[in-house]
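>
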Amino acid sequence: MSGAVIYIKEDLKISDVQIEILVGTINIYSLVGAAIAGRTSDWIGRRYTIILASLIFFVGAILMGFAPNYWFLMFGRFVAGIGVGYALMIAPVYTAEVAPASCRGFFTSFPEVFINGDSKPHAPTSFLLLLAPPSPSSVLLHNKGKNIGVLLGYISNYAFSKLPTKLGWRFMLGIGVIPSVLLGIGVLAMPESPRWLVMQGRLGDAKKVLDRTSDTLEESKTRLADIKEAAGIPQDCQDDIVSVTRESSHGSGVWRELFLHPTPTVLHILIAAIGIHFFQQASGIDAVVLYSPRIYEKAGITKPSYRLLATIAVGCMKTFFTLVATFLVDKIGRRILLLSSCGGMILSLLALATGLTIIDHSDHTLKWAIVVCVCATYSTVAFFSIGMGPLAWVYSSEIFPLRLRAQGCSIGVAVNRAVSGGILMTFISLYKAISIGGAFFLYAGVASVAWIFFYTLLPETKGRTLEEMEPLFGTFFKWRSTMKELKKNRVEGDDMLSSHNFKLVSSNHVNP
413 MSGAVIYIKE
423 DLKISDVQIE
433 ILVGTINIYS
443 LVGAAIAGRT
453 SDWIGRRYTI
463 ILASLIFFVG
473 AILMGFAPNY
483 WFLMFGRFVA
493 GIGVGYALMI
503 APVYTAEVAP
513 ASCRGFFTSF
523 PEVFINGDSK
533 PHAPTSFLLL
543 LAPPSPSSVL
553 LHNKGKNIGV
563 LLGYISNYAF
573 SKLPTKLGWR
583 FMLGIGVIPS
593 VLLGIGVLAM
603 PESPRWLVMQ
613 GRLGDAKKVL
623 DRTSDTLEES
633 KTRLADIKEA
643 AGIPQDCQDD
653 IVSVTRESSH
663 GSGVWRELFL
673 HPTPTVLHIL
683 IAAIGIHFFQ
693 QASGIDAVVL
703 YSPRIYEKAG
713 ITKPSYRLLA
723 TIAVGCMKTF
733 FTLVATFLVD
743 KIGRRILLLS
753 SCGGMILSLL
763 ALATGLTIID
773 HSDHTLKWAI
783 VVCVCATYST
793 VAFFSIGMGP
803 LAWVYSSEIF
813 PLRLRAQGCS
823 IGVAVNRAVS
833 GGILMTFISL
843 YKAISIGGAF
853 FLYAGVASVA
863 WIFFYTLLPE
873 TKGRTLEEME
883 PLFGTFFKWR
893 STMKELKKNR
903 VEGDDMLSSH
913 NFKLVSSNHV
923 NP
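The opening position of the sequence shown corresponds to residue 413 in this note's numbering, with each subsequent residue numbered one higher.
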């Protein structure tokens with residue numbers, strides 16, 4: 413949409429306020445999809461929820477591509493927004509539940525690429541490469557293709573800009589039907605989430621999926637045992653199909669547990685999930701990405717084609733650094749990446765705000781200030797993509813207990829989309845009120861608060877299975893003491909197990 417709005421405004425003769433509403437409301441519309449996607453995925457499964465998201469996005473892309481006027485275009489955005497809400501919620505949940513702990517962060521970081529994918533081809537493209545069961549060897553190929561989706565969105569904008577104005581923006585928006593169709597067909601090759609299957613009592617089917625998505629059969633057995641324990645199924649149960657309660661299989665009562673009677677653990681998890689999604693968007697990344705052509709215009713780059721080329725470079729930065737993040741997230745952990753990313757964004761936003769303020773108060777062209785603004789835009793996107801971008805989806809999808817995961821994640825996504833919509837719908841008005849430099853100084857301040865929040869409230873989750881997350885939460889600011897205690901207990905447990913095994917071996921030698 414960042415490139416298309418230039419031509420939509422010219423063709424439909426609409427105002428800046430209408431552009432703000434057009435760009436920002438898809439995130440408000442996506443609240444509808446995000447709010448109901450959690451319950452839908454508990455009801456029909458993660459796999460069919462992805463198909464539903466693809467179908468809705470397909471219809472939205474068709475409507476936008478053939479929109480004859482502003483209000484018809486808004487209706488198309490509404491439909492596409494529901495699809496975006498579904499997609500943003502189900503992608504991280506599905507990947508977190510299918511991937512083994514050793515590469516969960518690596519794999520779950522993919523969905524970040526369609527955060528800026530509203531009505532562009534890379535939204536459904538992000539899903540296309542989920543088609544094979546995740547494994548450490550297949551993840552890299554998936555990730556490259558998905559990140560290319562972001563870049564393709566910017567490149568397609570530039571390519572279609574050569575068409576007549578009335579056609580160009582319609583192709584930019586309507587081309588999203590192609591990956592939507594491919595996704596709808598390809599998703600049939602995807603396995604269902606083993607955790608959802610266990611919640612339905614389908615233990616035999618869950619075992620088959622785990623055998624395909626685990627490194628070893630032993631790991632598969634361990635994962636199944638952990639999931640059964642989390643679902644309240646006895647460990648000695650070996651049946652392929654078991655009876656489960658309607659509350660377990662359909663996710664009933666989850667909202668009551670999340671909001672009316674949360675335990676300290678659930679409350680801490682909920683605050684962490686909502687907080688990481690809130691600050692991901694409140695730091696102003698969508699204003700930087702989707703309004704980058706306008707930022708470049710303010711900085712002195714006046715030719716539309718040059719501004720679009722500059723946005724392609726934004727896509728390149730996003731592609732490269734998201735790829736870097738997927739390599740690092742399971743090696744150095746979530747916290748280091750998150751804090752480094754947020755710190756880098758603070759500095760980049762301050763540089764961008766300073767450069768734009770200097771240009772605003774200058775009566776002649778300052779090339780060095782233009783360079784500072786362009787570089788600060790790129791560095792903001794780079795720092796965001798290496799941490800805050802992918803990790804919001806990774807972290808929120810892995811910390812909720814099994815019974816709360818889908819609907820809990822939908823709350824985080826709803827907050828994410830609401831804040832993003834608010835940023836996009838107010839950015840032009842904000843910078844007209846306090847100057848464009850002032851707007852980015854404000855975002856830098858929000859990012860500073862985010863850094864404090866991440867540092868004090870978010871424990872490290874690297875290397876833990878989804879069933880091991882709950883004990884990390886519940887003590888809020890004292891989570892470090894909790895982690896030390898858990899580590900101590902784990903070491904003592906390992907020592908006891910080693911001692912027990914040694915005694916067994918010694919006994920076998922004495923009594924052959």
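The beta carbon of each residue, even a glycine, is placed where N, CA and C say it ideally should be.
(1) Taking buried to mean at least 16 other C-beta atoms within 10 Å of its own C-beta, is serine 893 buried or exposed?
(2) Output the distance between the C-alpha atoms of asparagine 528 and valine 701, rounded to the nearest integer angstrom.
(3) Would you report the Cα separation of arginine 706 and glycine 517, rounded to the nearest angstrom?
(4) Quick one: what's got a C-beta closer than 6 Å to aspartate 698's C-beta in the same chain, skipping five residues either side?
(5) Work out the CA separation of isoleucine 426 and tyrosine 708 for me, nearest whole Å.
(6) Would serine 466 and serine 592 qualify as a contact pair, given that the criterion is a beta-carbon distance under 7 Å?
(7) Between the Cα of glycine 849 and the Cα atoms of Ile771, Leu629, Asp428 and His680, which residue gives the shortest distance?
(8) What is the DSSP secondary structure of glutamate 422, reduced to helix, strand or coil?
(9) Using the three-state DSSP reduction, which class does arginine 815 fall into: helix, strand or coil?
(10) Compute the distance between the beta-carbons of serine 521 and proline 802, then report whether it is under 7 Å.
(11) For valine 429, name the three-state secondary structure that DSSP assigns.
(12) I'd like to confirm the pairing. Which residues does DSSP put opposite arginine 614 in its beta bridges?
(13) By the three-class DSSP mapping on this structure, what secondary structure does methionine 584 have?
(14) Is the separation between the beta-carbon of valine 793 and that of methionine 881 shorter than 7 Å?
(15) Just tell me which of Leu842, Ile758, Leu749 and Ala763 has its CA closest to the CA of alanine 804.
(16) Could you check whether the region 469 to 479 touches the region 495 to 503, counting it as contact only if at least three pairs of C-beta atoms, one from each stretch, sit closer than 8 Å?
(17) Going by other Cβ atoms of all chains shown within 10 Å of its Cβ, with 16 needed for buried, is valine 741 buried or exposed?
(18) How many Å lie between valine 505 and valine 825 at the Cα?
(19) Quick one, are the C-beta atoms of glycine 613 and serine 655 less than 7 Å apart?
(20) Would you tell me roughly how many angstroms separate the C-alpha atoms of phenylalanine 853 and phenylalanine 690, rounded to the nearest one?
(21) Just to confirm, are leucine 585 and alanine 416 a CB contact at a threshold of 7 Å?
(22) Within 10 angstroms of its Cβ, does tryptophan 863 collect 16 or more other Cβ (buried), or is it exposed?
(23) Round the Cβ separation of valine 806 and arginine 876 to the nearest angstrom and send it over; I've been treating them as touching at under 8 Å.
(24) Might you give, ordered along the chain, the residues of its own chain that have their beta carbon closer than 6 Å to the beta carbon of alanine 642, omitting 5 neighbours on each side?
(25) Could you tell me whether the region 777 to 795 touches the region 749 to 759, using the rule of 3 or more Cβ pairs below 8 Å?
(26) Could you check the C-alpha separation between isoleucine 420 and glycine 580 for me, to the nearest Å?
(27) Can you name, in chain order, every residue of its own chain whose Cβ lies under 7 Å from the Cβ of serine 752, other than the five neighbours on each side?
(28) Grouping DSSP H, G and I as helix and E and B as strand, with all else coil, what is glycine 644?
(29) Are proline 606 and leucine 629 closer than 7 Å when you measure CB to CB?
(30) Contact check, glutamine 650 vs alanine 637 under 8 Å by CB: the rounded distance?
(31) Report the CB separation of alanine 685 from glycine 820 in whole angstroms; it is logged as a contact under 8 Å.
(32) Give me the Cα-Cα distance between valine 475 and tryptophan 608, rounded to the nearest whole angstrom.
(33) Please list the terminal residues of the continuous alpha helix (DSSP H) segment that includes methionine 757.
(34) Exposed or buried, what is tryptophan 483 when buried is set at 16 or more other beta-carbons lying within 10 Å of its beta-carbon?
(35) Determine, using beta carbons only, whether tyrosine 703 and phenylalanine 796 come nearer to each other than 7 Å.
(36) Going by Cα to Cα distance, which pick from Glu897, Ala830, Gly727 and Arg635 is closest to alanine 511?
From the atom records:
(1) exposed
(2) Note that asparagine 528 scores a pLDDT of 43, beneath 50, so its modelled location is shaky; the value from the coordinates is reported in the next line. Rounded to whole angstroms, asparagine 528 to valine 701 spans 8 Å at the Cα level.
(3) Answer to the nearest angstrom: the Cα atoms are 34 Å apart.
(4) Ser832, Ile835 and Leu836
(5) 21 Å
(6) yes
(7) Ile771
(8) helix
(9) helix
(10) Result yes, Cβ atoms of serine 521 and proline 802 sit closer than 7 Å.
(11) In the structure shown, valine 429 sits in a helix (DSSP, three-state: H, G or I).
(12) Paired residue(s): Ile653.
(13) Per DSSP, reduced to three states, the secondary structure at methionine 584 is helical.
(14) no
(15) The residue with the shortest Cα to Cα distance from alanine 804 is Leu749.
(16) yes
(17) buried
(18) 11 Å
(19) yes
(20) 18 Å
(21) yes
(22) buried
(23) Their Cβ separation, rounded to whole angstroms, is 12 Å, which puts valine 806 and arginine 876 out of contact at 8 Å.
(24) Leu814 and Glu879
(25) yes
(26) 9 Å
(27) Gly799
(28) coil
(29) no
(30) Actually they are not in contact, since the Cβ atoms of glutamine 650 and alanine 637 sit about 11 Å apart, beyond 8 Å.
(31) Indeed they touch by this definition, with Cβ atoms about 6 Å apart.
(32) This sequence places leucine at residue 475; valine is not what is there. Distance between the alpha carbons of leucine 475 and tryptophan 608: 33 Å.
(33) Run containing methionine 757: 746 to 772, per the alpha helix (DSSP H) assignment.
(34) The residue in question, tryptophan 483, is exposed, as its Cβ has fewer than 16 Cβ neighbours within 10 Å.
(35) Cβ distance not < 7 Å, so tyrosine 703 and phenylalanine 796 don't count as in contact.
(36) Arg635
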